[in-house]
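S.K.: Just so you know, the sequences run in chain order G and U. Counting from 1, position 199 in the first sequence corresponds to residue 199 in my numbering; the numbering is continuous, with no gaps. Counting from 1, position 283 in the second sequence corresponds to residue 1283 in my numbering; the numbering is continuous, with no gaps. Dumping the structure here so I can ask a few things about it.
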Amino acid sequence: MTAQKHTQKKVRGFSTKRQNITGWAFMTPFAVLFSFVFILPIGWAIYSSFFREISEGGGAYGGGELVHKFVGLDNFIYAATSDKFWTGVGRVVLYTVIQVPFMIISALALAMLIDSYIVKHVTGFRLGYFLPFAIPGVVASLIWVYLYNGQISPIAKGLAALGIPVNFYSGNIVLLSMANITTWTYTGYNMLIFLAALQAIPHDLYEAARIDGANGFQIAMQVKLPSVRGAALLAMLLSIVGTIQLFNEPQIMQIADPGISKSYTPMMMALNTSQGSITPSGDGPASAIAIVMAIIAGLLAMVYIMAERKVNES
Amino acid sequence: MNTRGKHLVAGVASLAVMALALAGCGSTSASSSSGSKDEKVEITYLHRLPDKEGMTKVDEIVKKWNAANPNIQVKATKYAGEASNMMKKLEADVKAGTAPDLAQLGYAEVPEAFTKGVLEDVTAEADQYKKDFSAGAYSLMQLNGKTFGLPQDGGPLVYYYNEAAFKELGIDVPKTQDELLASAQKAAAAGKYIMSFQADEAGNMLTGLAGASSPWYTVKSDKWNVNTNTDGSKAVADVFQKMIDAKSAFVNPRWEPSFDAALKDGKLIGTVGAAWEAPLIMDSAGGGESTWKVAQLGDWFGNKGKTGPDGGSGVVALKGTKHKAEAMKFLDWFNTQVEDLTTQGLIVSATTATAKTPDAWSKFYGGQDVMKELVAANNNMGDFNFIPGYSAVGAAMKETAAKAADGSGKVADIFSVAQTTSVDTLKNLKLSVAE
């Protein structure tokens, strides 16, 4: 018996090893690609954020060659003290504060509605709400550029006919116009996250609640809502990280509104710095902007998680 | 264990498939070098010409050259991205040693490309072809007395207007500033506009209009003298401010769909535009037969009949090219294919042949010899050159122009922003600026 156990143990040890190898083999393509397209670029960005491309030799045109010069923390100091950068950060934070709660609440409401027994033909609704997400962000923005155009848009014309002239591109409204595009695109996506969470709730709970005399609304508020807290945390976090990196909408809407500056959001500022339409330019300052922004996004996400935990505890 | 073995096999197999797929991806990109039998030379050329339907495509033009020159084979590629991203690509390509031999660059980008170390000095190889191009354009391909390529086309600013609509209002193309303001007022009273303020083009058009009178950037004892608040700039600011205040200019970004809509529905009946906009305005206004015309700019900004540059490009040799002489030989031939290049909508800088107006153009522009008018403008440009890093200046001007357009700023601010941004840009590149 002992001998049998012993061999069994040995076999198990051997097979675990085999299993590990298989696991790693499956892991390799991912690991290789992940390090190539993710870890390596991040490492490179951190490295280049300590350098600046400048011309040497002075004169009117320089020596005809840019020199890769170590500048220490200069690029970070530039990013952290740039008015443009902080204006951009302020803009995306404001955007997040307005857009994310609105979108998450709408998504939750839609998910609850679809999950309730009132709605028939769930597939159609689910697909319909999700469809905008299938349209690439750039294309969606292009569509909305037309829909916001004062002279072409049926929406603008319709509102004007009702006596409400709206300029979707004017100063403060343009941010809301962008928020509308994001909401339109991602509400369906977040709804799916909530729907999945809702459908994972064991139906015994509903039955128990019903036996206790709860009606449909009470079940929704007191059984379903608390059960999707985890999903809400995930959806909120993804949305915060996404909106902080706001890029597609303002980049495309620039066509229609030259007032959307090259540094409208920090991500646009990073791209345009790297391309040379903001000075100082080059990969160094651009990387520094991106890194500072990543740190800010991380901090905001952490603050949100901590606040959420506090609220849940109390 | 048997099943585990299968798993492992499956794992290895899927890895192998992945590797194959990756290898497949790789092999397509590494096939540009052809066998070097004979003394065959291959030249690569990156362009961003329109290549639209009805034009003689760049590939077709190059095919003619390749047939006649078996030893200098050219491979032309169209740059698919946005023009503003191309510099970045060239910079990276030069560093990686994979840059093409020739690439198209806007005149405003040439100084920047030099400072960034992208250009190859071809003074010796290009000099013999100098006679084939207009002197002004050739000088835009030169810095510090060295030549870096050959000019292709020019973009002088001209005035586009609808003659019949003007007659209906009883106005003519204004000759002076006062006439311009008065006529604009008259047209606006009838719900029409004879001038447009395009915030998105501010960094090109307003610079060109101001540049018609005097340059902004001059080099004295190897130092930049920057003055973007010239008399020309002040006049441009003054005229546009008056027109915006009086609502007698059509205030709309150039590349927003409603600009084309205004051309089409006859609300916008006159505008300043670059020469290369001739076919674009034609398309926007609906094409076919019409009474649109092209005229020279009036003396509206103290420009004394001169005009300024808005766009236009040359083709430069890129650092690391091994076949300078062959590349310039091809380039001289290509840039003097006047008839073919004209179909691309270019106002060529070559002086070897007279450009003919395409049929569709003369139909739209009421039988006018449009090309002759545009070439006249091309030969009537004030001296203007750009600084390295000008794209940052243009971008800052555009933002400020948007404020002037919605009334939260003044047109004059555009030029003061140009001043500070120009100086900052030069300083950040560690170039010398006189203060």
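Note that CB positions come from ideal geometry on N, CA and C, so glycine has one too.
How about residue 1275 of chain U and residue 1374 of chain U: do their beta carbons lie closer than 7 Å?
M.R.: Indexing the second sequence from 1 puts residue 1275 of chain U at position 275. Indexing the second sequence from 1 puts residue 1374 of chain U at position 374. Cβ atoms of residue 1275 of chain U and residue 1374 of chain U: closer than 7 Å.
S.K.: May I ask which residues mark the beginning and end of the beta strand (DSSP E) holding residue 1046 of chain U?
M.R.: As a working mapping, residue 1046 of chain U is identified with position 46 in the second sequence. That run of the beta strand (DSSP E) goes 1041-1047.
S.K.: According to DSSP, is residue 1276 of chain U helix, strand or coil?
M.R.: Within the second sequence, numbered from 1, the residue matching residue 1276 of chain U stands at position 276. Helix at residue 1276 of chain U.
S.K.: Give me, in chain order, the residues of the same chain whose beta-carbon lies closer than 7 Å to that of residue 1392 of chain U; leave out the 5 immediate sequence neighbours on both sides.
M.R.: On the second sequence, residue 1392 of chain U is found 392 positions in, with the first residue counted as 1. Correct list, in chain order: 1421 and 1425.
S.K.: As a quick exercise: from G:286, G:120 and G:185, pick the residue whose alpha carbon is nearest that of residue 274 of chain G.
M.R.: Position 274 of the first sequence, counting from 1, holds the residue named residue 274 of chain G. Ranking the options by Cα distance to residue 274 of chain G, first place goes to G:286.
S.K.: Suppose you measure from the CA of residue 56 of chain G to the CA of residue 1386 of chain U; what does that come to, to the nearest Å?
M.R.: Within the first sequence, residue 56 of chain G is the residue found at index 56, counting from 1. Within the second sequence, residue 1386 of chain U is the residue found at index 386, counting from 1. Straight-line Cα distance between these residues: approximately 20 Å.
S.K.: For the beta strand (DSSP E) that contains residue 92 of chain G, what are its first and last residues?
M.R.: Locating residue 92 of chain G in the first sequence gives position 92, where the first residue counts as 1. Premise fails: residue 92 of chain G lies in the alpha helix (DSSP H), 83-115, not in any beta strand (DSSP E).
S.K.: Quick check: what's the CA-CA separation for residue 1324 of chain U versus residue 1264 of chain U?
M.R.: Within the second sequence, the letter at position 324 stands for residue 1324 of chain U. Within the second sequence, the letter at position 264 stands for residue 1264 of chain U. Going by the C-alpha atoms only, they are around 47 Å apart.
S.K.: Since I believe residue 1331 of chain U is in contact with residue 1102 of chain U (beta carbons under 8 Å), could you give me their beta-carbon distance rounded to a whole number of angstroms?
M.R.: Counting from 1 along the second sequence, the entry for residue 1102 of chain U is found at position 102. Counting from 1 along the second sequence, the entry for residue 1331 of chain U is found at position 331. With a Cβ gap of about 6 Å, residue 1102 of chain U and residue 1331 of chain U count as contacting.
S.K.: Can you have a look at residue 85 of chain G and say buried or exposed, based on whether 16 or more other CB atoms are within 10 angstroms of its CB?
M.R.: Taking the first sequence and counting its residues from 1, one reaches residue 85 of chain G at position 85. Burial call: buried.
S.K.: With DSSP collapsed to three states, give me the class of residue 55 of chain G.
M.R.: Counted from its first residue, the first sequence places residue 55 of chain G at position 55. In the structure shown, residue 55 of chain G sits in a strand (DSSP, three-state: E or B).
S.K.: How many whole angstroms separate the CB atoms of residue 61 of chain G and residue 1388 of chain U, which I take to be in contact at a CB cut-off of 8 Å?
M.R.: In the first sequence, counting from the first residue as 1, residue 61 of chain G sits at position 61. In the second sequence, counting from the first residue as 1, residue 1388 of chain U sits at position 388. 7 Å between Cβ atoms; contact.
S.K.: Report the three-state DSSP secondary structure of residue 44 of chain G (helix, strand or coil).
M.R.: The residue given as residue 44 of chain G occupies position 44 in the first sequence. Correct three-state label for residue 44 of chain G: helix.
S.K.: Considering only DSSP beta bridges, list what residue 202 of chain G is partnered with.
M.R.: Counting from one through the first sequence, the residue named residue 202 of chain G turns up at place 202. Per DSSP, none; premise fails for residue 202 of chain G.
S.K.: Where does residue 1283 of chain U sit, in a helix, a strand or coil, going by DSSP?
M.R.: Position 283 of the second sequence holds residue 1283 of chain U. Residue 1283 of chain U: helix per DSSP, three-state reduction.
S.K.: Hey, is residue 1257 of chain U's beta-carbon within less than 7 Å of any beta-carbon in chain G?
M.R.: If you number the second sequence from 1, residue 1257 of chain U lands on position 257. Yes, its Cβ sits closer than 7 Å to a Cβ of chain G.
S.K.: Give the straight-line distance between the Cα atoms of residue 1301 of chain U and residue 169 of chain G, rounded to the nearest whole angstrom.
M.R.: To locate residue 1301 of chain U, count along the second sequence from 1; it is residue 301. To locate residue 169 of chain G, count along the first sequence from 1; it is residue 169. Rounded to the nearest angstrom, the two C-alpha atoms are 31 Å apart.
S.K.: Starting from the N-terminal side, write out each stretch of the alpha helix (DSSP H) that is 4 residues or longer and does not extend beyond the region 223-247 of chain G.
M.R.: Counting whole runs of 4 or more residues, the region 223-247 of chain G contains the alpha helix (DSSP H) stretches 229-244.
S.K.: If I measure Cβ to Cβ from residue 1134 of chain U and keep anything under 6 Å in the same chain, skipping five residues before and after, which residues do I get?
M.R.: Here residue 1134 of chain U corresponds to residue number 134 of the second sequence, with the count starting at 1. Result list for residue 1134 of chain U: 1349 and 1351, in chain order.
S.K.: Do you know offhand how far residue 1277 of chain U's Cα is from residue 1049 of chain U's?
M.R.: By one-based count along the second sequence, residue 1277 of chain U stands at place 277. By one-based count along the second sequence, residue 1049 of chain U stands at place 49. Rounded to the nearest angstrom, the two C-alpha atoms are 14 Å apart.
S.K.: From the DSSP output, which residues share a beta bridge with residue 1224 of chain U?
M.R.: Translated into positions along the second sequence, residue 1224 of chain U becomes position 224. U:1219 and U:1433.
S.K.: Return the CA-CA distance between residue 89 of chain G and residue 133 of chain G, expressed in angstroms with no decimal places.
M.R.: Mapped onto the first sequence, residue 89 of chain G falls at position 89. Mapped onto the first sequence, residue 133 of chain G falls at position 133. Going from the Cα of residue 89 of chain G to the Cα of residue 133 of chain G covers about 25 Å.
S.K.: Taking three-plus beta-carbon pairs below 8 Å as touching, is the region 1398-1412 of chain U in contact with the region 1212-1224 of chain U?
M.R.: In short, these stretches do not touch, since the Cβ pair count stays below three.
S.K.: Say whether chain U places a C-beta atom closer than 7 Å to the C-beta of residue 124 of chain G.
M.R.: Here residue 124 of chain G corresponds to residue number 124 of the first sequence, with the count starting at 1. No - not a single Cβ of chain U is within 7 Å of the one on residue 124 of chain G.
S.K.: Chain G beta carbons: is any one of them nearer than 7 Å to that of residue 1117 of chain U?
M.R.: The residue labelled residue 1117 of chain U in the question sits at position 117 within the second sequence. Output row for residue 1117 of chain U: interface = yes.
S.K.: Cβ of residue 301 of chain G less than 7 Å from any chain U Cβ?
M.R.: Within the first sequence, the letter at position 301 stands for residue 301 of chain G. It does not; no Cβ of chain U falls within 7 Å.
S.K.: Taking Cβ positions, are residue 240 of chain G and residue 200 of chain G nearer each other than 7 Å?
M.R.: What you label residue 240 of chain G is simply residue 240 of the first sequence in a count that begins at 1. What you label residue 200 of chain G is simply residue 200 of the first sequence in a count that begins at 1. Not in contact: residue 240 of chain G and residue 200 of chain G (Cβ atoms no closer than 7 Å).
S.K.: Is there a C-beta anywhere in chain G that falls below 7 Å from the one on residue 1034 of chain U?
M.R.: The count along the second sequence starts at 1 and reaches residue 1034 of chain U at position 34. Its pLDDT being 41, under 50, residue 1034 of chain U is placed unreliably by the model, and the measurement read from it follows with that caveat. Chain G, which has no Cβ nearer than 7 Å to the Cβ of residue 1034 of chain U, makes this no.
S.K.: Give the interface partners of residue 1216 of chain U over in chain G, defined as CB-CB distance under 8 Å, in chain order.
M.R.: If you number the second sequence from 1, residue 1216 of chain U lands on position 216. Those within 8 Å of residue 1216 of chain U in chain G number zero; the least Cβ separation is about 14 Å.
S.K.: In this structure, what does DSSP give as the bridge partners for residue 1153 of chain U?
M.R.: Along the second sequence, read from residue 1 onward, the residue named residue 1153 of chain U stands at position 153. DSSP output for residue 1153 of chain U lists U:1313 and U:1348 as bridge partner(s).
S.K.: Which residues, in chain order, does the region 50-75 of chain G contribute to contact with chain U at a C-beta distance below 8 Å?
M.R.: So the list reads 53, 54, 55, 56, 58, 59, 60, 61, 62, 64, 65 and 66, given in the order they occur along the chain.
S.K.: Exposed or buried, what is residue 1431 of chain U when buried is set at 16 or more other beta-carbons lying within 10 Å of its beta-carbon?
M.R.: Translated into positions along the second sequence, residue 1431 of chain U becomes position 431. Per the 10 Å Cβ criterion, buried.
S.K.: Verify whether the separation of the beta carbon atoms of residue 1137 of chain U and residue 1154 of chain U is less than 7 Å.
M.R.: The residue given as residue 1137 of chain U occupies position 137 in the second sequence. The residue given as residue 1154 of chain U occupies position 154 in the second sequence. The answer is yes: Cβ separation under 7 Å.
S.K.: From residue 198 of chain G to residue 33 of chain G, what distance separates their C-alpha atoms?
M.R.: As a first step, residue 198 of chain G is located in the first sequence; it is residue number 198 there, counting from the start. As a first step, residue 33 of chain G is located in the first sequence; it is residue number 33 there, counting from the start. Between residue 198 of chain G and residue 33 of chain G, the C-alpha separation is close to 34 Å.
S.K.: Express the C-alpha separation of residue 1280 of chain U and residue 1357 of chain U in angstroms, rounding to a whole number.
M.R.: Within the second sequence, the letter at position 357 stands for residue 1357 of chain U. Within the second sequence, the letter at position 280 stands for residue 1280 of chain U. The alpha-carbon atoms of residue 1357 of chain U and residue 1280 of chain U are separated by roughly 15 Å.
S.K.: Let me check understanding here. Comparing Cα to Cα, which of G:135, G:217, G:194 and G:256 lies closest to residue 1200 of chain U?
M.R.: On the second sequence, position 200 is the one that residue 1200 of chain U refers to. The shortest Cα separation from residue 1200 of chain U among G:135, G:217, G:194 and G:256 belongs to G:256.
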